[in-house]
Amino acid sequence: MIKRSSDAPGNRPHRVVQWATGTIGARALRGVIEHPKMELVGLFVHSADKVGRDGGEFCDSPATGVLATDDIERIVELDADCVLYMPLVFDAEVVIRLLSSGSNVVTTCGLFHHPPSMDPALRQRIQQACALGGTSIHSTGSSPGFITEAVPLVLSSIQRRLDRLMIDEYADLSQRDSPAMLFDVMGFGRPPGDSNAARAEHLAASFGPSLRLVGDALGCPLDSIEAHGSVATARATTRIAAGTIEQGTVAAQRTTVSGLVAGEPVLSFRANWYCTTDIEADWDLRDTGWHISVVGDAPLEVDLRFPIPLERMAAVSPAYTANRAVNAIPAVCAADPGIRSTLDLPHIAALLG
(Lines of atoms letter the chains of each structure in order from A and count residues from 1; the text may use other names and numbers.)
(Lines give C-alpha, C1' and ligand atoms only; values in the text may rest on other atoms or scores of the structure.)
Protein backbone atom coordinates (compact mmCIF):
# COMPACT_ATOMS: atom_id res chain seq x y z
CA MET A 1 0.00 0.00 0.00
CA ILE A 2 1.28 3.48 -0.85
CA LYS A 3 1.03 6.58 1.25
CA ARG A 4 -2.11 8.67 1.17
CA SER A 5 -1.66 11.77 -0.97
CA SER A 6 -2.23 13.93 2.12
CA ASP A 7 0.98 12.46 3.59
CA ALA A 8 3.04 14.11 0.84
CA PRO A 9 2.59 17.79 1.73
CA GLY A 10 4.84 19.26 -0.94
CA ASN A 11 5.28 22.93 -0.13
CA ARG A 12 2.66 23.07 2.64
CA PRO A 13 3.67 22.58 6.28
CA HIS A 14 3.30 19.20 7.94
CA ARG A 15 0.20 19.25 10.14
CA VAL A 16 1.30 17.92 13.53
CA VAL A 17 -0.39 16.89 16.77
CA GLN A 18 1.58 16.88 20.02
CA TRP A 19 0.49 14.04 22.31
CA ALA A 20 1.29 14.80 25.98
CA THR A 21 3.10 17.76 27.54
CA GLY A 22 5.55 16.27 30.02
CA THR A 23 9.21 17.26 30.11
CA ILE A 24 9.99 15.86 26.64
CA GLY A 25 6.57 16.59 25.18
CA ALA A 26 6.68 20.27 26.12
CA ARG A 27 10.07 20.65 24.43
CA ALA A 28 8.80 18.89 21.31
CA LEU A 29 5.73 21.12 21.33
CA ARG A 30 7.94 24.19 21.20
CA GLY A 31 9.95 22.61 18.39
CA VAL A 32 6.81 22.14 16.30
CA ILE A 33 5.51 25.64 17.01
CA GLU A 34 8.82 27.21 15.97
CA HIS A 35 9.47 24.92 12.98
CA PRO A 36 9.34 26.72 9.60
CA LYS A 37 7.64 23.78 7.86
CA MET A 38 5.28 22.49 10.55
CA GLU A 39 1.88 23.59 11.78
CA LEU A 40 0.55 22.62 15.20
CA VAL A 41 -3.05 21.51 14.64
CA GLY A 42 -3.80 19.56 17.81
CA LEU A 43 -2.68 18.92 21.37
CA PHE A 44 -3.62 15.96 23.56
CA VAL A 45 -3.26 16.10 27.35
CA HIS A 46 -3.99 13.60 30.10
CA SER A 47 -4.81 15.96 33.00
CA ALA A 48 -8.23 17.54 33.26
CA ASP A 49 -6.72 20.82 34.47
CA LYS A 50 -4.81 21.14 31.18
CA VAL A 51 -7.85 20.77 28.93
CA GLY A 52 -8.81 23.97 27.14
CA ARG A 53 -5.48 25.70 27.62
CA ASP A 54 -3.58 27.11 24.66
CA GLY A 55 -0.61 25.06 23.46
CA GLY A 56 1.78 27.96 23.89
CA GLU A 57 1.21 27.92 27.65
CA PHE A 58 2.94 24.56 28.01
CA CYS A 59 6.23 25.63 26.46
CA ASP A 60 6.62 29.37 27.10
CA SER A 61 5.56 30.23 23.56
CA PRO A 62 3.10 32.80 22.23
CA ALA A 63 -0.54 31.75 21.93
CA THR A 64 -1.13 29.26 19.10
CA GLY A 65 -4.91 29.16 18.96
CA VAL A 66 -4.69 25.38 19.44
CA LEU A 67 -6.44 24.30 22.63
CA ALA A 68 -5.59 21.12 24.53
CA THR A 69 -8.05 18.23 24.59
CA ASP A 70 -8.28 14.84 26.27
CA ASP A 71 -10.63 13.44 23.61
CA ILE A 72 -8.90 11.11 21.17
CA GLU A 73 -11.77 11.40 18.69
CA ARG A 74 -11.16 15.13 18.36
CA ILE A 75 -7.52 14.36 17.56
CA VAL A 76 -8.48 11.75 14.98
CA GLU A 77 -10.89 14.17 13.30
CA LEU A 78 -7.99 16.57 12.63
CA ASP A 79 -6.57 14.19 9.98
CA ALA A 80 -3.03 15.29 10.95
CA ASP A 81 0.00 14.24 8.95
CA CYS A 82 1.79 13.14 12.11
CA VAL A 83 1.26 12.66 15.84
CA LEU A 84 4.26 13.15 18.12
CA TYR A 85 3.34 10.47 20.65
CA MET A 86 5.12 11.05 23.99
CA PRO A 87 2.99 9.71 26.86
CA LEU A 88 4.24 8.52 30.22
CA VAL A 89 2.90 5.03 29.49
CA PHE A 90 2.58 3.47 26.03
CA ASP A 91 -0.98 2.52 25.01
CA ALA A 92 -1.11 0.16 22.04
CA GLU A 93 -4.83 0.77 21.46
CA VAL A 94 -4.27 4.51 21.12
CA VAL A 95 -1.39 4.08 18.68
CA ILE A 96 -3.36 1.59 16.59
CA ARG A 97 -6.28 4.04 16.46
CA LEU A 98 -4.03 6.89 15.32
CA LEU A 99 -2.27 4.84 12.65
CA SER A 100 -5.51 3.31 11.36
CA SER A 101 -7.08 6.75 11.05
CA GLY A 102 -4.35 7.98 8.70
CA SER A 103 -1.89 9.82 10.97
CA ASN A 104 1.77 8.81 11.00
CA VAL A 105 3.35 8.48 14.44
CA VAL A 106 6.80 9.49 15.72
CA THR A 107 7.34 8.38 19.30
CA THR A 108 9.95 8.41 22.03
CA CYS A 109 8.46 5.14 23.33
CA GLY A 110 11.14 2.59 22.54
CA LEU A 111 9.11 -0.39 21.31
CA PHE A 112 9.80 0.11 17.61
CA HIS A 113 13.59 0.48 17.30
CA HIS A 114 14.05 -3.07 15.94
CA PRO A 115 10.82 -4.57 14.58
CA PRO A 116 12.05 -8.21 14.64
CA SER A 117 12.58 -7.86 18.41
CA MET A 118 8.98 -6.82 19.04
CA ASP A 119 6.28 -8.98 20.53
CA PRO A 120 4.97 -10.77 17.41
CA ALA A 121 1.30 -10.17 18.21
CA LEU A 122 1.80 -6.43 18.78
CA ARG A 123 3.97 -6.14 15.70
CA GLN A 124 1.26 -7.74 13.56
CA ARG A 125 -1.44 -5.42 14.92
CA ILE A 126 0.70 -2.34 14.34
CA GLN A 127 1.56 -3.42 10.81
CA GLN A 128 -2.12 -4.01 10.07
CA ALA A 129 -2.97 -0.54 11.39
CA CYS A 130 -0.28 1.01 9.20
CA ALA A 131 -1.60 -0.85 6.15
CA LEU A 132 -5.15 0.28 6.87
CA GLY A 133 -4.20 3.92 7.36
CA GLY A 134 -1.36 4.11 4.83
CA THR A 135 0.87 5.28 7.68
CA SER A 136 4.25 4.75 9.34
CA ILE A 137 5.55 4.68 12.90
CA HIS A 138 9.10 5.32 14.11
CA SER A 139 10.76 5.27 17.55
CA THR A 140 13.60 7.67 18.22
CA GLY A 141 15.23 9.85 20.83
CA SER A 142 18.69 10.55 22.21
CA SER A 143 19.30 7.33 24.15
CA PRO A 144 18.27 4.91 22.78
CA GLY A 145 18.22 6.33 19.28
CA PHE A 146 20.80 8.94 18.39
CA ILE A 147 23.67 7.55 20.46
CA THR A 148 22.88 3.85 19.95
CA GLU A 149 21.98 3.95 16.25
CA ALA A 150 22.79 7.14 14.32
CA VAL A 151 26.26 7.66 15.83
CA PRO A 152 27.44 4.00 15.69
CA LEU A 153 26.36 3.72 12.07
CA VAL A 154 28.37 6.82 11.15
CA LEU A 155 31.47 5.70 13.07
CA SER A 156 31.36 2.21 11.62
CA SER A 157 31.12 3.61 8.09
CA ILE A 158 34.92 4.04 8.04
CA GLN A 159 35.64 0.53 9.29
CA ARG A 160 36.35 -2.63 7.31
CA ARG A 161 36.96 -4.64 10.48
CA LEU A 162 35.05 -4.00 13.69
CA ASP A 163 36.14 -5.88 16.79
CA ARG A 164 34.06 -3.92 19.27
CA LEU A 165 32.05 -0.72 19.60
CA MET A 166 31.42 0.42 23.18
CA ILE A 167 29.17 3.33 24.19
CA ASP A 168 29.52 4.79 27.68
CA GLU A 169 26.75 7.11 28.86
CA TYR A 170 27.54 9.35 31.85
CA ALA A 171 24.86 11.18 33.80
CA ASP A 172 25.62 13.29 36.86
CA LEU A 173 22.29 13.42 38.68
CA SER A 174 23.41 15.45 41.67
CA GLN A 175 21.46 18.55 40.60
CA ARG A 176 18.35 16.70 39.38
CA ASP A 177 15.60 17.75 41.79
CA SER A 178 13.48 14.63 41.28
CA PRO A 179 13.31 12.72 44.57
CA ALA A 180 10.68 10.24 43.38
CA MET A 181 12.68 9.31 40.29
CA LEU A 182 16.10 9.08 41.96
CA PHE A 183 15.16 7.48 45.28
CA ASP A 184 11.95 5.57 44.58
CA VAL A 185 12.41 4.48 40.96
CA MET A 186 16.18 4.33 40.47
CA GLY A 187 17.08 3.24 43.99
CA PHE A 188 19.70 5.83 44.91
CA GLY A 189 20.13 6.40 48.61
CA ARG A 190 19.15 2.83 49.46
CA PRO A 191 21.35 0.09 50.94
CA PRO A 192 22.94 -1.96 48.15
CA GLY A 193 20.58 -4.85 47.49
CA ASP A 194 19.43 -7.23 44.80
CA SER A 195 17.92 -4.73 42.34
CA ASN A 196 20.83 -5.06 39.89
CA ALA A 197 19.18 -7.91 37.99
CA ALA A 198 15.92 -6.03 37.53
CA ARG A 199 17.77 -2.90 36.40
CA ALA A 200 19.85 -4.93 33.94
CA GLU A 201 16.74 -6.60 32.55
CA HIS A 202 15.05 -3.23 32.06
CA LEU A 203 18.04 -1.71 30.24
CA ALA A 204 18.47 -4.82 28.10
CA ALA A 205 14.88 -4.39 26.92
CA SER A 206 15.47 -0.67 26.29
CA PHE A 207 18.84 -0.79 24.54
CA GLY A 208 19.08 -4.34 23.20
CA PRO A 209 16.88 -3.63 20.15
CA SER A 210 19.10 -0.71 19.10
CA LEU A 211 22.21 -2.88 19.34
CA ARG A 212 20.49 -5.59 17.28
CA LEU A 213 19.59 -2.97 14.66
CA VAL A 214 23.23 -1.90 14.29
CA GLY A 215 24.37 -5.51 14.15
CA ASP A 216 21.88 -6.19 11.34
CA ALA A 217 23.06 -3.10 9.45
CA LEU A 218 26.68 -4.24 9.66
CA GLY A 219 25.89 -7.75 8.46
CA CYS A 220 26.75 -9.16 11.91
CA PRO A 221 23.43 -10.22 13.45
CA LEU A 222 23.79 -10.53 17.21
CA ASP A 223 23.44 -14.01 18.65
CA SER A 224 22.18 -12.74 22.00
CA ILE A 225 21.86 -9.77 24.34
CA GLU A 226 23.35 -9.96 27.83
CA ALA A 227 23.15 -7.41 30.62
CA HIS A 228 24.69 -7.07 34.06
CA GLY A 229 25.04 -4.28 36.57
CA SER A 230 26.59 -3.17 39.81
CA VAL A 231 26.31 -0.29 42.26
CA ALA A 232 28.77 1.76 44.28
CA THR A 233 28.12 3.29 47.69
CA ALA A 234 28.89 6.77 48.99
CA ARG A 235 32.07 7.23 51.04
CA ALA A 236 30.41 10.01 53.00
CA THR A 237 26.94 11.43 53.48
CA THR A 238 26.27 13.75 50.54
CA ARG A 239 23.57 16.34 49.96
CA ILE A 240 22.17 16.50 46.41
CA ALA A 241 19.31 18.54 44.95
CA ALA A 242 16.83 15.69 45.44
CA GLY A 243 17.76 14.99 49.06
CA THR A 244 20.48 13.16 50.98
CA ILE A 245 22.65 10.20 50.02
CA GLU A 246 23.73 8.62 53.31
CA GLN A 247 27.18 7.09 53.69
CA GLY A 248 27.11 3.44 52.64
CA THR A 249 24.03 3.75 50.45
CA VAL A 250 23.84 3.57 46.67
CA ALA A 251 25.42 6.63 45.06
CA ALA A 252 26.33 5.32 41.59
CA GLN A 253 25.05 2.67 39.20
CA ARG A 254 26.78 1.00 36.27
CA THR A 255 24.86 -1.30 33.93
CA THR A 256 26.22 -2.85 30.75
CA VAL A 257 24.13 -4.21 27.87
CA SER A 258 26.13 -6.20 25.33
CA GLY A 259 25.34 -7.78 21.99
CA LEU A 260 27.30 -11.00 21.51
CA VAL A 261 28.55 -12.72 18.37
CA ALA A 262 30.15 -16.15 18.83
CA GLY A 263 30.25 -15.50 22.57
CA GLU A 264 32.14 -12.20 22.31
CA PRO A 265 30.69 -8.72 23.00
CA VAL A 266 30.78 -6.76 19.75
CA LEU A 267 28.33 -3.93 20.48
CA SER A 268 27.84 -2.60 24.02
CA PHE A 269 26.07 0.19 25.86
CA ARG A 270 27.06 1.03 29.44
CA ALA A 271 25.05 3.39 31.63
CA ASN A 272 27.10 5.22 34.27
CA TRP A 273 24.60 7.12 36.39
CA TYR A 274 25.74 8.78 39.61
CA CYS A 275 24.87 11.29 42.32
CA THR A 276 28.47 11.84 43.51
CA THR A 277 31.93 10.77 42.38
CA ASP A 278 33.02 10.15 45.99
CA ILE A 279 32.23 6.45 45.90
CA GLU A 280 33.60 3.15 47.18
CA ALA A 281 34.60 1.96 43.72
CA ASP A 282 37.37 2.64 41.24
CA TRP A 283 35.12 3.87 38.45
CA ASP A 284 36.06 6.50 35.89
CA LEU A 285 33.00 8.74 36.16
CA ARG A 286 33.20 11.49 33.57
CA ASP A 287 31.09 14.60 33.07
CA THR A 288 27.60 14.15 31.67
CA GLY A 289 27.74 12.99 28.06
CA TRP A 290 28.86 10.03 26.00
CA HIS A 291 32.14 8.31 25.16
CA ILE A 292 32.32 5.93 22.20
CA SER A 293 35.24 3.56 21.75
CA VAL A 294 35.64 1.86 18.37
CA VAL A 295 38.10 -1.03 18.10
CA GLY A 296 38.72 -1.97 14.49
CA ASP A 297 41.02 -1.30 11.56
CA ALA A 298 40.18 2.44 11.88
CA PRO A 299 40.09 2.82 15.70
CA LEU A 300 38.38 5.82 17.28
CA GLU A 301 37.83 7.36 20.69
CA VAL A 302 35.03 9.93 20.59
CA ASP A 303 33.73 12.19 23.37
CA LEU A 304 30.37 13.96 23.22
CA ARG A 305 29.96 16.20 26.26
CA PHE A 306 27.04 18.38 27.30
CA PRO A 307 28.60 21.84 27.85
CA ILE A 308 25.87 22.87 30.27
CA PRO A 309 26.13 23.79 33.96
CA LEU A 310 24.51 21.07 36.07
CA GLU A 311 21.98 23.50 37.48
CA ARG A 312 20.69 24.10 33.92
CA MET A 313 20.79 20.47 32.80
CA ALA A 314 17.14 19.73 33.61
CA ALA A 315 16.02 22.70 31.50
CA VAL A 316 18.24 21.98 28.49
CA SER A 317 18.58 18.19 28.32
CA PRO A 318 15.01 17.46 27.06
CA ALA A 319 16.06 18.99 23.73
CA TYR A 320 18.42 16.08 23.07
CA THR A 321 15.48 13.68 22.92
CA ALA A 322 12.64 15.88 21.71
CA ASN A 323 14.44 17.59 18.83
CA ARG A 324 15.37 14.37 17.05
CA ALA A 325 11.74 13.27 17.13
CA VAL A 326 10.58 16.58 15.66
CA ASN A 327 13.27 16.45 12.98
CA ALA A 328 12.22 12.92 12.00
CA ILE A 329 8.66 13.90 11.09
CA PRO A 330 9.20 14.67 7.37
CA ALA A 331 11.07 11.41 6.76
CA VAL A 332 8.46 9.33 8.57
CA CYS A 333 5.61 11.01 6.70
CA ALA A 334 7.35 10.25 3.40
CA ALA A 335 8.24 6.63 4.27
CA ASP A 336 6.39 3.56 3.05
CA PRO A 337 3.67 2.35 5.41
CA GLY A 338 4.79 0.19 8.30
CA ILE A 339 7.11 0.16 11.29
CA ARG A 340 10.14 2.14 10.13
CA SER A 341 13.51 1.83 11.87
CA THR A 342 16.58 4.02 11.51
CA LEU A 343 17.71 1.74 8.67
CA ASP A 344 14.49 2.38 6.72
CA LEU A 345 14.72 6.16 6.83
CA PRO A 346 17.13 8.59 5.20
CA HIS A 347 19.62 10.47 7.35
CA ILE A 348 17.63 12.74 9.68
CA ALA A 349 18.47 16.35 8.86
CA ALA A 350 17.28 19.37 10.83
CA LEU A 351 15.47 22.05 8.79
CA LEU A 352 16.37 25.14 10.79
CA GLY A 353 15.14 28.00 8.64
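Quick note: the sequence shown uses my numbering, first residue 15, plus one each step.
From the three backbone atoms N, C-alpha and C, an ideal C-beta is built for every residue, glycine too.
A straight-line Cα-Cα distance of about 14 Å links ARG326 and ARG319. As DSSP reads the structure, HIS28 sits in a beta bridge with MET52. Taking a C-beta distance under 7 Å as the contact criterion, ILE259 and GLY201 do not qualify as a contact pair. Note that the C-beta distance between GLY262 and THR252 is not below 7 Å.
Three or more Cβ pairs closer than 8 Å define a contact, and the segment 184-203 falls short of that threshold against the segment 125-135. In the DSSP assignment, LEU324 falls within the unbroken alpha helix (DSSP H) covering 324-330. The residue from HIS305, GLY222, PHE58 and TRP304 with its alpha-carbon nearest to that of LEU102 is PHE58.
With at least 16 other beta carbons inside 10 angstroms of its own, ARG268 counts as buried. For ASP230, the enclosing alpha helix (DSSP H) stretches over residues 210-231. Selection PRO206, ILE254 and ILE306 evaluated against THR290 yields ILE254 as nearest (Cα-Cα). Taking 4 residues as the minimum length, the alpha helix (DSSP H) runs contained wholly in the segment 130-166 are 134-147, in order along the chain.
GLY257 and SER156 have their C-alpha atoms some 27 Å from each other. Closest by C-alpha distance to ILE47, out of HIS361, VAL340 and PRO344, is VAL340.
The three-state secondary structure of CYS234, taken from DSSP, is coil. Put simply, the segment 342-353 touches the segment 81-96. At least three CB pairs are less than 8 Å apart.
Here the alpha carbons of LEU227 and HIS127 stand approximately 7 Å from one another. Fewer than three pairs of CB atoms, one per stretch, sit closer than 8 Å, so the segment 273-280 makes no contact with the segment 297-310.
A distance below 7 Å between beta-carbons, with the five flanking residues on each side excluded, links LEU217 to the following residues of its chain, in chain order: ALA241, THR269, VAL271 and ALA285.
Scanning the segment 164-199 from its first residue to its last, the whole alpha helix (DSSP H) runs of 4-plus residues come out as 165-170.
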